[in-house]
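The block underneath contains the structure these notes are about, expressed in C-alpha cells.
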Amino acid sequence: MGPLIVTEDPVLLDDLLRLCAAAGARPLVLATLPERRGEWEAAPLVLVGDDAAARTERAPRRPGVLLVGRDQGEPAVWQWAVRIGAEHVLRLPDAEAWLVDRIADVVEGAGRSARTVGVVGGRGGAGASTLACALAVTAAAGGSRTVLVDADPLGGGLDVLLGGEQAEGLRWPAFARSRGRMARRALEEALPELHGLRLLSWDRSDTAEVPPQAVRAVLGAARRGGGTVVVDLPRRAGGEVAEALAQLDLA
Numbered sequence: 001m002g003p004l005i006v007t008e009d010p011v012l013l014d015d016l017l018r019l020c021a022a023a024g025a026r027p028l029v030l031a032t033l034p035e036r037r038g039e040w041e042a043a044p045l046v047l048v049g050d051d052a053a054a055r056t057e058r059a060p061r062r063p064g065v066l067l068v069g070r071d072q073g074e075p076a077v078w079q080w081a082v083r084i085g086a087e088h089v090l091r092l093p094d095a096e097a098w099l100v101d102r103i104a105d106v107v108e109g110a111g112r113s114a115r116t117v118g119v120v121g122g123r124g125g126a127g128a129s130t131l132a133c134a135l136a137v138t139a140a141a142g143g144s145r146t147v148l149v150d151a152d153p154l155g156g157g158l159d160v161l162l163g164g165e166q167a168e169g170l171r172w173p174a175f176a177r178s179r180g181r182m183a184r185r186a187l188e189e190a191l192p193e194l195h196g197l198r199l200l201s202w203d204r205s206d207t208a209e210v211p212p213q214a215v216r217a218v219l220g221a222a223r224r225g226g227g228t229v230v231v232d233l234p235r236r237a238g239g240e241v242a243e244a245l246a247q248l249d250l251a
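In terms of our numbering, the sequence shown opens at residue 1 and continues consecutively.
Okay, here's the thing in C-alpha cells:
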C-alpha cells in the first residue's frame, strides 16, 4: 500500500506524484478525508497539502502525517500542522530528497540493514575474490538474503569466477549514472541470480570505474534489504572505494 495524498493543488499534486514514482510507490489521491472508514488510519503515510489542512482537521490523530507545500514560512502553516497533528512540515523542492526516502521506506519497509562485509587482498593473487565468493555462497546457502558486489573493475569479473558470465542481468556500467536513492527491489530484480544470491559484476566493456555517487546508491539499496552483502574491494584507493568502505560493517 502506498501513501495517501490529500490535496487539490494541481502543481503540488504533480510534484508529489513524481516523488512517489521515484520511490516506486502508488499513492491514493483524494481531495479531502476518505469516506471509507479506516482508510485514513490504514495508510502507511499521509501527505497533506497545505491547501487541504483545514479539510483534515477532524481526522483521527495518528503518526505519519506530513504537511507539504511550497511556502511554509507563514505562521498559519505551523498552526495548522499542530491542529492536524503533523509530524513534519515540508517545503518543496527543498525537502524532496528527504521525502523520497520517507516514501521509499514505506514501500520497502525500513527494516534492519544487511550485514556488510568487504574483502581486500594485501597483494595481487592473494585470493580475495575467491574468499568474497565463498562468503557470499555460504551465506546464501544458509538461507540469508545475499548480494555479492564486485567493486574491483580490474579483477576479471566475479560472474566469471562463479561460472555465470552468460547469466542474464545488468552489470556495473548500467548503474554508472545512478544518483540518490535506488529502489531495493528494482536493483535485485535487475541483477543476475547465481547460486541463490544476487550478483553485481562487471561486463567485458572498457568501463573501468563508476562514480562514487553510483556506488553509494547501489550499496545503499543492496543493504536495505537485510541479510548479507559481500563486497570484493580493489587494492587501489579512490572516491568509489571510499564510498564502499563507508558502508562496511567489517573489512
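Where a beta carbon is used, it is the ideal one built from N, C-alpha and C, also for glycine.
The beta strand (DSSP E) with Val230 in it runs from where to where?
-> Within the sequence shown, the letter at position 230 stands for residue 230. It spans Thr228 to Asp232 - the beta strand (DSSP E) in which Val230 sits, taken as one unbroken run.
Using DSSP with H/G/I as helix, E/B as strand and the rest coil, what is Val82?
-> Looking up residue 82 in the sequence shown gives position 82. It is helical.
Does DSSP classify Glu35 as helix, strand or coil?
-> Indexing the sequence shown from 1 puts residue 35 at position 35. In this structure, Glu35 counts as coil in the three-state DSSP scheme.
Spell out the partners DSSP gives Ala56 in its beta bridges.
-> As a working mapping, residue 56 is identified with position 56 in the sequence shown. The question names Ala, but residue 56 in the sequence shown is Thr. Per the DSSP secondary-structure output, Thr56 pairs with nothing in a beta bridge.
Is DSSP giving Gly220 helix, strand or coil here?
-> The sequence position of residue 220 within the sequence shown is 220, counting from 1. In this structure, DSSP gives Gly220 a helical state, which the three-state scheme calls helix.
Would you identify the three-state DSSP class for Glu108, choosing helix, strand or coil?
-> Position 108 of the sequence shown holds residue 108. For Glu108, the three-state secondary structure derived from DSSP is helix.
For Leu19, collect the residues of the same chain with a Cβ closer than 7 Å to its Cβ; drop the 5 residues on either side in sequence, then sort them by chain order.
-> Position 19 of the sequence shown holds residue 19. Residues Glu96, Leu99, Val100 and Ile103 of the same chain have their beta carbon placed closer than 7 Å to that of Leu19, with the five preceding and five following residues left out of the count.
Among Glu240, Arg70, Leu245 and Gly226, nearest to Val147 - alpha-carbon criterion | Translated into positions along the sequence shown, residue 147 becomes position 147. Per the Cα distances, Gly226.
How would you write the range of the alpha helix (DSSP H) that Thr259 sits in, first residue to last?
-> With the chain running from 1 to 251 in the structure shown, residue 259 is simply not present.
Output the distance between the C-alpha atoms of Thr228 and Ala25, rounded to the nearest integer angstrom.
-> In the sequence shown, residue 228 corresponds to position 228, counting from 1. In the sequence shown, residue 25 corresponds to position 25, counting from 1. Taking the straight line joining both Cα atoms gives about 25 Å.
Can you tell me the Cβ-Cβ gap for Gln213 and Arg179, rounded? I've got them flagged as a contact below 8 Å.
-> Start at 1 with the first residue of the sequence shown, and residue 213 comes out as number 213. Start at 1 with the first residue of the sequence shown, and residue 179 comes out as number 179. About 5 Å; that satisfies the 8 Å criterion.
Cα-Cα separation, Leu162 to Glu193 | To locate residue 162, count along the sequence shown from 1; it is residue 162. To locate residue 193, count along the sequence shown from 1; it is residue 193. Roughly 11 Å between the two C-alpha positions.
At least three beta-carbon pairs within less than 8 Å, the stretch 194-213 to the stretch 121-132 | No, they do not touch.
May I ask you to report which of helix, strand or coil DSSP gives Val120?
-> The sequence position of residue 120 within the sequence shown is 120, counting from 1. Three-state result, Val120: coil.
How many angstroms separate the CA atom of Val46 from the CA atom of Asp14?
-> As a position in the sequence shown, residue 46 is number 46, starting the count at 1. As a position in the sequence shown, residue 14 is number 14, starting the count at 1. Between Val46 and Asp14, the C-alpha separation is close to 16 Å.
State the CB to CB distance for the pair Leu4 and Ala43, rounded to an integer number of angstroms; the pair is presumed to be in contact (CB under 8 Å).
-> Walking along the sequence shown from the start, residue 4 turns up at place 4. Walking along the sequence shown from the start, residue 43 turns up at place 43. About 4 Å; that satisfies the 8 Å criterion.
In the DSSP assignment, what are the bridge partners of Glu193?
-> Working through the sequence shown from its first residue, we reach residue 193 at position 193. DSSP lists Arg198 as partners of Glu193.
Following the continuous beta strand (DSSP E) through Val65, name the residue where it begins and the one where it ends.
-> What you label residue 65 is simply residue 65 of the sequence shown in a count that begins at 1. Where Val65 is concerned, the enclosing beta strand (DSSP E) stretches over Val65 to Gly69.
Nearest-angstrom Cα distance between Ala86 and Ala53?
-> Counting from 1 along the sequence shown, the entry for residue 86 is found at position 86. Counting from 1 along the sequence shown, the entry for residue 53 is found at position 53. Using only the alpha carbons, I get a separation of about 10 Å.
For Gly220 and Met182, the rounded distance between their alpha carbons = Your numbering for residue 182 matches position 182 in the sequence shown. Your numbering for residue 220 matches position 220 in the sequence shown. Taking the CA atoms as reference points, Met182 sits about 8 Å from Gly220.
Is there contact between the stretch 234-246 and the stretch 143-159, where contact requires at least three CB pairs shorter than 8 Å?
-> Contact between the stretch 234-246 and the stretch 143-159 is established, with three or more Cβ pairs separated by less than 8 Å.
Just mark Ala136 as buried or exposed, buried being the case when its beta carbon has 16 or more other beta carbons within 10 Å.
-> In the sequence shown, residue 136 corresponds to position 136, counting from 1. Classification for Ala136: buried.
Selected residue, minimal CA-CA separation from Glu243, among Arg224, Val215 and Leu158 | Working through the sequence shown from its first residue, we reach residue 243 at position 243. Among Arg224, Val215 and Leu158, the Cα nearest to that of Glu243 belongs to Val215.
Among Glu165, Leu17 and Arg55, which has the Cα closest to the Cα of Glu35?
-> Along the sequence shown, one-based indexing puts residue 35 at 35. It is Arg55 whose Cα lies nearest to the Cα of Glu35.
Check whether Ser113 and Arg198 have beta carbons under 8 Å apart = On the sequence shown, position 113 is the one that residue 113 refers to. On the sequence shown, position 198 is the one that residue 198 refers to. No; because the gap between Cβ atoms is not below 8 Å, this pair is not in contact.
With which residues is Val29 paired in a DSSP beta bridge?
-> Stepping through the sequence shown from its first residue, residue 29 is reached at position 29. Note: Val29 sits in a beta bridge opposite Ile5.
Whose C-beta lies closer than 6 Å to the C-beta of Gly196 among residues of the same chain, with five residues either side of it excluded?
-> Locating residue 196 in the sequence shown gives position 196, where the first residue counts as 1. Closer than 6 Å at Cβ, skipping near neighbours: Ala140.
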